[in-house]
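Novice: Numbering (this note's numbering), first residue to last: 302 to 358. All residues carry an ideal CB built from backbone N, CA and C; glycine is no exception. Here the structure is a predicted model, which means the values were calculated and not measured.
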Amino acid sequence: MPYYEFICRKCHKKFAEVLSIKEHETKRVHCPKCQSSETDKVIEPFFAKTASKTRGY
Ligand SMILES: [Zn+2]
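Okay, here's the thing in structure tokens:
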């Protein structure tokens, strides 16, 4: 199953969750530290670079 990294917007705690594609689309991920649902997905730098540079629409 895919593994996703998130960062909490409130306490900036970085954590990882293993979610299926469907869970990833529907499930609210909560910070394990402060229980906030305001989390951002961490995109790996390598992936982000290739995605933005190779396709220049
Ligand atoms: Zn938090």
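1. Can you tell me which residues fall inside 5 Å of ligand 1, judged by beta-carbon distance to its nearest heavy atom, and keep chain order?
2. From which residue to which residue does the beta strand (DSSP E) around Ile308 run?
3. At the level of alpha carbons, what is the spacing between Cys332 and Ile322?
Specialist: In short, the structure shows the following:
1. Answer in sequence order: Cys309, Lys311, Cys312, Lys314, Cys332, Lys334, Cys335, Ser337.
2. Position 7 of the sequence shown, counting from 1, holds the residue named residue 308. Counting along the chain, the beta strand (DSSP E) containing Ile308 begins and ends at 304-309.
3. Your numbering for residue 332 matches position 31 in the sequence shown. Your numbering for residue 322 matches position 21 in the sequence shown. Taking the straight line joining both Cα atoms gives about 19 Å.
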